[in-house]
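Chemist: Chains A and B, in that order, give the protein sequences.
Residues 11 to 207 (the numbering used here) make up the first sequence, in order.
Residues 7 to 208 (the numbering used here) make up the second sequence, in order.
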Amino acid sequence: MIGLYSPGTSLIHRAPTLLKLFLLSLCVVLIGSSPNPWIVSGAAAGVVLLFLAARVPVRAAAAQIAPILLILLVTVPIQGLLSGWTVAALMAGRLLVAVALATLFTMTTTVTAVLEAFQKLLRPFRRFIDTDRVGLLVALTIRCIPLVSDIVREVFEARTARGTRGSLLSIAVPVVVRSLYAADALGEALVARGLDD
Amino acid sequence: MTDTVRSSAPTGRIMPARDLAQIAIFSALIAALGLAGPLNIGPVPITLQTLGVMLAGAILGPRKGTLAVLLFLVLTAVGLPLLAGARGGIGVFTVSPAAGYLYGWLLGAAVTGYLTARLLPKYPFWPALGATILGGIVAVYLVGIPVMALNLGLPLVTTIGLNLAFIPGDLIKVIVTVLVARQVHKAYPGLIALPKGRREVD
């Protein structure tokens, strides 16, 4: 399973995950509450520098930020007419900076590192959450994604082969039923390995 | 030491292996439906990911269904590109205009599951449709729209207007969910534990 992580050795890649997470939240809050266009433009320039320093692939980063541009294409004109173009530009800038920063975090941090950081953050709640089971569940799900993707793909192909277009139901029922069978098999395998003992 | 004592007492288990497996598989199903890309029904492209969320509530019930959605969201947050369009990471949960919908999915699965559990084992069509609309559409938008208005700095009314375009597709997904759930609950009784004081009638 390939994540959004793009390998590298930059300072941003090597910084501790919790520190990155903390700085990210801090920046998002500060930029989000700043009414000054200069601060937001400065932050935007800073983000570009950070991306250059991290040397993440431009195309992959753009793919994460592009959907925001589509939304802004609709909302900036509305906002410009309702509350003035300065406010609209400021809001768009803040949003882009924040999304770009979050994307940078995700692209420079491995999934394992983020999971570990989450586990550390959850430590105070250890009395209520069985961390072993949560870990098992996460691993199981990651393993199940290709399995269920295959089921979905096969059902799509069967539908094309039969030439029955148009019915969502002819996809949903077999996908769900076959997924439930897969869950039964998985459950039995877990019991056989002593999970319920 | 405490670990061995705890794991040798099966009565303390909250989640049997079967439930764990169902949660993992449905979480993976929501991901797989997002990876499959949009499906064209006539001229309308329909993203199937939200269908997965509705199905999780209507087929697994409130507890397992909500956990399946939660698990999917955790995997997305840590950086797996599982959201439709291969997006992921913590940005989509915080600053993205659509962030609220993801939290709405949790509420939606819980509401759909809670109401569905009360309609079983008969699961009559119209009440089931109402239950799935309340969970799959109303609850999701209830969280999604205010967050979108907040993150974009738009008035609430304008944001509601922007969202109306998605209602027809959502209604199709609700109908499909109810029809699938009907067949599945008939063929596979016992997926959702009935509320206390109710028993299965055969």
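C-beta atoms are modelled at their ideal positions from N, C-alpha and C, and glycine is treated no differently.
Computed from a prediction, not measured in an experiment: that's the story for all the values here.
Can you grab the Cα-Cα spacing for the pair residue 1(A) / residue 101(A), in whole Å?
Modeler: Residue 1(A) lies beyond the stretch modelled for chain A, which goes from 11 to 207, so this question has no answer here.
Chemist: In this structure, how does DSSP classify residue 203(A) when only helix, strand and coil are distinguished?
Modeler: coil
Chemist: What do you get for residue 115(A), buried or exposed, if any count of 16 or more other CB atoms within 10 angstroms of its CB means buried?
Modeler: buried
Chemist: For residue 69(B), write down the residues that DSSP places opposite it in a beta bridge.
Modeler: Paired residues: none, contrary to the question.
Chemist: Give a yes or no on whether 7 Å exceeds the smallest Cβ distance from residue 43(A) to chain B.
Modeler: At a cut-off of 7 Å between beta-carbon atoms, residue 43(A) makes no contact with chain B.
Chemist: Should residue 104(A) go down as buried or exposed, given a rule of 16 or more other Cβ atoms within 10 Å for buried?
Modeler: buried
Chemist: Is it true that the CB of residue 85(B) sits closer than 7 Å to the CB of residue 14(A)?
Modeler: yes
Chemist: Name the chain B residues whose beta carbon is nearer than 9 Å to that of residue 74(A)?
Modeler: 87, 92, 93, 94, 95, 97 and 98
Chemist: Taking the straight line between their C-alpha atoms, what separation do you get for residue 64(A) and residue 91(B)?
Modeler: 24 Å
Chemist: Please list the partners that residue 164(B) has in chain C, where partner means a Cβ-to-Cβ separation under 8 Å.
Modeler: Absence of chain C from the displayed structure is noted, the protein chains being A and B.
Chemist: What residues match up with residue 276(B) in a beta bridge as DSSP calls it?
Modeler: Lying outside 7 to 208, the shown extent of chain B, residue 276(B) is not represented and no answer is given.
Chemist: Looking at the structure shown, is residue 22(A) part of a helix, part of a strand, or coil, going by DSSP?
Modeler: Under the three-state reduction of DSSP output, residue 22(A) falls in the helix class.
Chemist: In chain order, what residues of the same chain lie with their CB nearer than 6 Å to the CB of residue 83(A), ignoring the 5 residues before and after it?
Modeler: Within the same chain, residue 83(A) has no close Cβ partners at all.
Chemist: Examine the Cβ distances between the region 55–74 of chain B and the region 112–132 of chain B and report whether three or more of them are shorter than 8 Å.
Modeler: yes
Chemist: Once the 5 residues before and after residue 162(B) are set aside, which same chain residues still bring their CB inside 8 Å of it?
Modeler: 151, 152 and 155
Chemist: For the alpha helix (DSSP H) containing residue 113(A), list its first residue and its last residue.
Modeler: Where residue 113(A) is concerned, the enclosing alpha helix (DSSP H) stretches over 95–117.
Chemist: Applying a beta-carbon distance threshold of less than 7 Å, which residues of chain B neighbour residue 193(A)?
Modeler: 27, 28 and 31
Chemist: Check the Cβ-Cβ distances between residue 76(B) and every residue of chain A, and say whether any is below 7 Å.
Modeler: no
Chemist: Check whether chain B comes within 7 Å of residue 132(A), counting only Cβ atoms and requiring the distance to be less than that.
Modeler: no
Chemist: Output the distance between the C-alpha atoms of residue 66(B) and residue 110(A), rounded to the nearest integer angstrom.
Modeler: The alpha-carbon of residue 66(B) is positioned some 36 Å away from that of residue 110(A).
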